[in-house]
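Asks:
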Amino acid sequence: MLRKGLIISVIIGSGSVVYGQLTGNNLFEYQLGNLPYTDPIDLSSHYDQLNLGYRYKGLKATLRYEHFLSQNEGSSYATLSQFQVQYRKEKLELKVGNFNETLGNGLLVRGYEIAGSVFEEEAYRSRYGFYRDMLGFSAKYSGDIWFFQALRGKSLVNTLPPTLPMSDRRIDLVEGMETGISFFNQTLGVILMRNTNTSEKNNFYSLLFSGALPGNVSYNFEFAHDITSDLPVFALNDQSRYGIYGSLSYSRGTFGMSFEYKNYHNLVIGTGISDPPTAVREHKYKVLNRSIHVPQLVDESGIQLEAYYTFRNREYLVFNYTYVLNEFFEAYRFNEFFLEYSFNPGQKSNVVLFADYTSDEFKSEDTRYAAGGIWDYRVVGSWSAQLHLEYQYIEREFTEKQSMHNGVVILGISKSPSLNISLLWEISSDPYLTDRPDTPEPETSVRNWPGLEASYRINPTNTISVFAGNRRGGPACTSGVCYEVLDFEGVEIRFKTKF
Amino acid sequence: MIQIIRLTLVLLFAVSVQINAQEEGEQAPNFEVGLLGGETFNLADHEGKVVMVFFFGNTCPSCRAIGSTIESAIYQEYMDDEGNLVAVGIDTWNSSSNESSVTGFKNSTGITFPLAIKGGDVAVNYKTTYDRLMVIDRAGVLVHKGIVAASNDIENTIAAIEESLIVTGVEDLFSDRANVYPNPAKDVLHVSAGADIISGITLFDLNGRKVMESTLFNQRAGNEFEVDLHDFEPGVYFYSLETEGVPFTGKLVIQK
Numbered sequence: 008m009l010r011k012g013l014i015i016s017v018i019i020g021s022g023s024v025v026y027g028q029l030t031g032n033n034l035f036e037y038q039l040g041n042l043p044y045t046d047p048i049d050l051s052s053h054y055d056q057l058n059l060g061y062r063y064k065g066l067k068a069t070l071r072y073e074h075f076l077s078q079n080e081g082s083s084y085a086t087l088s089q090f091q092v093q094y095r096k097e098k099l100e101l102k103v104g105n106f107n108e109t110l111g112n113g114l115l116v117r118g119y120e121i122a123g124s125v126f127e128e129e130a131y132r133s134r135y136g137f138y139r140d141m142l143g144f145s146a147k148y149s150g151d152i153w154f155f156q157a158l159r160g161k162s163l164v165n166t167l168p169p170t171l172p173m174s175d176r177r178i179d180l181v182e183g184m185e186t187g188i189s190f191f192n193q194t195l196g197v198i199l200m201r202n203t204n205t206s207e208k209n210n211f212y213s214l215l216f217s218g219a220l221p222g223n224v225s226y227n228f229e230f231a232h233d234i235t236s237d238l239p240v241f242a243l244n245d246q247s248r249y250g251i252y253g254s255l256s257y258s259r260g261t262f263g264m265s266f267e268y269k270n271y272h273n274l275v276i277g278t279g280i281s282d283p284p285t286a287v288r289e290h291k292y293k294v295l296n297r298s299i300h301v302p303q304l305v306d307e308s309g310i311q312l313e314a315y316y317t318f319r320n321r322e323y324l325v326f327n328y329t330y331v332l333n334e335f336f337e338a339y340r341f342n343e344f345f346l347e348y349s350f351n352p353g354q355k356s357n358v359v360l361f362a363d364y365t366s367d368e369f370k371s372e373d374t375r376y377a378a379g380g381i382w383d384y385r386v387v388g389s390w391s392a393q394l395h396l397e398y399q400y401i402e403r404e405f406t407e408k409q410s411m412h413n414g415v416v417i418l419g420i421s422k423s424p425s426l427n428i429s430l431l432w433e434i435s436s437d438p439y440l441t442d443r444p445d446t447p448e449p450e451t452s453v454r455n456w457p458g459l460e461a462s463y464r465i466n467p468t469n470t471i472s473v474f475a476g477n478r479r480g481g482p483a484c485t486s487g488v489c490y491e492v493l494d495f496e497g498v499e500i501r502f503k504t505k506f
Numbered sequence: 020m021i022q023i024i025r026l027t028l029v030l031l032f033a034v035s036v037q038i039n040a041q042e043e044g045e046q047a048p049n050f051e052v053g054l055l056g057g058e059t060f061n062l063a064d065h066e067g068k069v070v071m072v073f074f075f076g077n078t079c080p081s082c083r084a085i086g087s088t089i090e091s092a093i094y095q096e097y098m099d100d101e102g103n104l105v106a107v108g109i110d111t112w113n114s115s116s117n118e119s120s121v122t123g124f125k126n127s128t129g130i131t132f133p134l135a136i137k138g139g140d141v142a143v144n145y146k147t148t149y150d151r152l153m154v155i156d157r158a159g160v161l162v163h164k165g166i167v168a169a170s171n172d173i174e175n176t177i178a179a180i181e182e183s184l185i186v187t188g189v190e191d192l193f194s195d196r197a198n199v200y201p202n203p204a205k206d207v208l209h210v211s212a213g214a215d216i217i218s219g220i221t222l223f224d225l226n227g228r229k230v231m232e233s234t235l236f237n238q239r240a241g242n243e244f245e246v247d248l249h250d251f252e253p254g255v256y257f258y259s260l261e262t263e264g265v266p267f268t269g270k271l272v273i274q275k
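Chains as they are written, first to last, in our numbering: chain H, 8 to 506; chain V, 20 to 275.
Here you go:
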């Protein structure tokens, strides 16, 4: 009822206001192809996401319409998936409808959207926008020394597709407030949050401290704890639910370093509405991002140390060390050493090299080595060529030791800023990937993913991109959000437009 | 034009495409999945047993993290020699589900109950996803369908298993074996044996806690005895009669 009323208000309002601004963008995607070894095969589908916004003075109304049409029975849908009316005046911001809001550092609740990303849940074979929003309202006041935020909404379970009723996809009711004061470059804050679903009701509080210290040092600290149980509100034992996150950073001129500490215990809230900061580095390199350690909120503690130095001509050196301990029934340790060096060998070239060593007991991968680099060469004018090479060696041991290799080769040309064409080739001997499920015996040969990717910006508002071939999936993390990317073989065409 | 109208109608009503919506209290639809090692698991084969289902993704980190807890805190705790509890894990990540990846999941979690390969269709049919737990009682009724991450659902799953192991809902099947009356009872409960020899009775409260255990010495077919209920608070209880065969269990209401 609320939703219908708001939509009608938006439509009527948009007709009666003369000097407002209408904006929008659209993402259209067509796929013809397969999830390897999965029925149905040669599936033709298309997905479309239309976002419309109308702004008049401090008032803004937005709508999102998504539809997916597939030959696969039960996967298609058409839905008005998001709407929002926002009012902003000076230091006040009000939102009704769908919103992405985060309290504190996201230890208790975090809304997000991976822009331009289309998520597919492979059991349902349905594709949809990748976001975890809330449906309700939020209010925010940001004063000079005092800020306040309150929200109430039902969080989306984004592993369930829009083909299911909203009652199955919005299970957790989140009610929370955050407030704090800032003085002398220091900020103190507090969060109170309640999460309710038919299975449980939990109350949490969180304390926040952040600011700048003398000597170019800044810090950010949050302590979150459950206050539902009879346990003391600072208890750090097996039964309690808590999260601790702290970061300290220092920079002086071209040198900088940062230190992060985290400790999460029993912090899976409801269907998983929180996303605390990851302690590991998010790598842009494919072999490393795919091997990334995904935070385990049941129990995880660890540190991350990073240092960088920037030379002349924007050359730089980065070192990163990460240690994570997960204690479930056994203790699992994760250690990673990463080094990256960027330099310019000549006026037309830029090279970035990396090396990585990781030991990951949770995956029983005691040893992982990786190395590679990206060479970017400016040919003439705005034309340039890229060569991207990555190699990874893994030793995995459960009952017997297995060794495997992963490789990435990308050869590309581009004309800035409109054209990119790349040939991609990935290869792996990982038995998890080489084993064909349609044969009884496990295959041990290598598996290849060759592909061609091209994008062309027709004009500043329209871009078309094409992928053809085999695309390798696997885990990935973007901006602290970790998810599973599916393999794909076939043709994919995307058309993005904005107006 | 007709094509466009058809397409529009498909789009408009696509949301309502039929999915076998399974909710708690409904009869669980049968399913058959291929297991690691080559055998199959058919739900219908386990009628009369309590079935726990763990939906997972073969490399899903949160599923791996909670797998060992499901094995030790649920399966090892509640399985017995009679096989009253049956558990199965179902890999819903179809495209990467194979012998190697599911074996990897099994090894990393230490799970000893059967694991199924490429079972995404079962999750769709039950309108759920990976990292979820589900319990089906002896009568084939879906008594627990986890809506939150499995790590947040252990206690609820255990409660559903305990209740299902106690409350069989199959009193009719055993009516020729024993009779418990009156129900509701006040001060005395009469237990008469039919074909079975009854050697003991145990009472549980709603939380599954044992509140009384009595050993009977008049062990012969057709025996009858009384249980003193004077000290019991009014409420709902569950009883379990020890027999030579499958335990005779049921719900008992005590009124004062």
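From the three backbone atoms N, C-alpha and C, an ideal C-beta is built for every residue, glycine too.
Identify the residues that DSSP records as bridge partners of G224 (chain H): which are they?
Replies: Here residue 224 (chain H) is Val; the residue named in the question, Gly, does not match the sequence. Paired residue(s): H:L220 and H:Y257.
Asks: Does any residue of chain V bring its CB to less than 7 Å from the CB of L56 (chain H)?
Replies: Per the sequence presented here, residue 56 (chain H) reads as Gln, with Leu not at that position. So no, Q56 (chain H) is outside the interface.
Asks: A47 (chain V) by DSSP, collapsed to three states: which one?
Replies: Assignment of A47 (chain V) by DSSP, reduced to helix, strand and coil, places it in the coil class.
Asks: Cα separation between T203 (chain H) and P447 (chain H)?
Replies: In this structure, the straight-line span from the alpha carbon of T203 (chain H) to that of P447 (chain H) is close to 46 Å.
Asks: Please check if any C-beta of chain V sits within less than 7 Å of the C-beta of L42 (chain H).
Replies: yes
Asks: Return the residue from the list V:I177, V:V70, V:G56 and V:V141 that minimises the CA-CA distance to S120 (chain V).
Replies: V:G56
Asks: Please go through the region 58–108 of chain V and give each complete beta strand (DSSP E) segment of 3 or more residues, from N-terminal end onward.
Replies: Here the runs fully enclosed are 59–61 and 69–75.
Asks: List, in chain order, every chain V residue whose beta-carbon is nearer than 8 Å to that of F335 (chain H).
Replies: A84, I85, S87 and T88
Asks: Could you tell me whether the Cβ of T446 (chain H) comes closer than 7 Å to any Cβ of chain V?
Replies: no
Asks: Is there a C-beta anywhere in chain V that falls below 7 Å from the one on Y490 (chain H)?
Replies: no
Asks: Comparing the CB of N41 (chain H) with every heavy atom of the ligand ADP, is any distance shorter than 6 Å?
Replies: Ligands are entirely absent from the displayed structure, and the ligand ADP is therefore not among its contents.
Asks: Quick one, are the C-beta atoms of R139 (chain H) and N105 (chain H) less than 7 Å apart?
Replies: no
Asks: In chain order, what residues of the region 245–277 of chain H put their CB closer than 9 Å to some CB of chain V?
Replies: Listed by position along the chain: N273, V275, I276 and G277.
Asks: Residues of the region 276–308 of chain H in Cβ contact with chain C at a cutoff of 7 Å, in chain order, please.
Replies: Absent from the structure: chain C. Protein chains present are H and V.
Asks: Going by Cα to Cα distance, which pick from H:V305, H:L440 and H:P172 is closest to N117 (chain V)?
Replies: H:L440
Asks: Give every residue of the same chain whose Cβ lies closer than 6 Å to the Cβ of E433 (chain H), excluding the five residues on either side of it in the sequence, and list them in chain order.
Replies: V415, W456 and R479
Asks: Going by other Cβ atoms of all chains shown within 10 Å of its Cβ, with 16 needed for buried, is W112 (chain V) buried or exposed?
Replies: buried
Asks: So that I know if they touch, is there some Cβ in chain V lying closer than 7 Å to that of A130 (chain H)?
Replies: yes
Asks: Using CA coordinates, which residue listed in H:H272, H:G476 and H:P467 is at the minimum distance from L332 (chain H)?
Replies: H:H272
Asks: Can you find a CB in chain H that lies within less than 7 Å of the CB of I166 (chain V)?
Replies: yes
Asks: Between which two residues does the alpha helix (DSSP H) harbouring A169 (chain V) extend?
Replies: Element bounds for A169 (chain V): n/a, residue is neither H nor E.
Asks: Beta carbon of G218 (chain H), beta carbon of Q193 (chain H): below 7 Å?
Replies: yes
Asks: Cα separation between F126 (chain H) and Q38 (chain H)?
Replies: Cα-Cα distance, rounded: 13 Å.
Asks: So, is the C-beta of V72 (chain V) closer than 7 Å to a C-beta in chain H?
Replies: no
Asks: Is it a yes or a no for the region 492–505 of chain H touching the region 459–473 of chain H, going by three-plus beta-carbon pairs under 8 Å?
Replies: Verdict: yes, contact present.
Asks: Under 7 Å, Cβ to Cβ, is there at least one residue of chain V near I121 (chain H)?
Replies: Chain V, which has no Cβ nearer than 7 Å to the Cβ of I121 (chain H), makes this no.
Asks: So what does F191 (chain H) bridge to, in DSSP terms?
Replies: Looking at the DSSP assignment, F191 (chain H) forms no beta bridge with any residue, so it has no partner.
Asks: What is the rounded straight-line gap between the Cα of I166 (chain V) and the Cα of S366 (chain H)?
Replies: 34 Å
Asks: Using a Cβ-Cβ cutoff of less than 6 Å, which residues in the same chain neighbour K137 (chain V) once the five nearest sequence positions on both sides are dropped?
Replies: Correct list, in chain order: N113 and S116.
Asks: Where do the ends of the beta strand (DSSP E) carrying R509 (chain H) lie?
Replies: Absent from the structure is residue 509 (chain H), since the part of chain H shown begins at 8 and ends at 506.
Asks: Quick one: what's got a C-beta closer than 6 Å to D442 (chain H)'s C-beta in the same chain, skipping five residues either side?
Replies: P449 and E450
Asks: Please name the residue or residues paired with I428 (chain H) in a DSSP beta bridge.
Replies: H:I420 and H:A461
Asks: Quick check on the burial criterion: 16 or more other C-beta atoms within 10 angstroms. Buried or exposed for F257 (chain V)?
Replies: Looking at its Cβ environment, which holds 16 or more other Cβ atoms inside 10 Å, F257 (chain V) is buried.
Asks: Say whether the region 153–162 of chain V touches the region 68–76 of chain V, bearing in mind that this needs 3 or more beta-carbon pairs closer than 8 Å, one atom from each stretch.
Replies: yes
Asks: Is it true that the CB of V92 (chain H) sits closer than 7 Å to the CB of V103 (chain H)?
Replies: Result yes, Cβ atoms of V103 (chain H) and V92 (chain H) sit closer than 7 Å.
Asks: DSSP three-state call for F251 (chain V): helix, strand or coil?
Replies: coil
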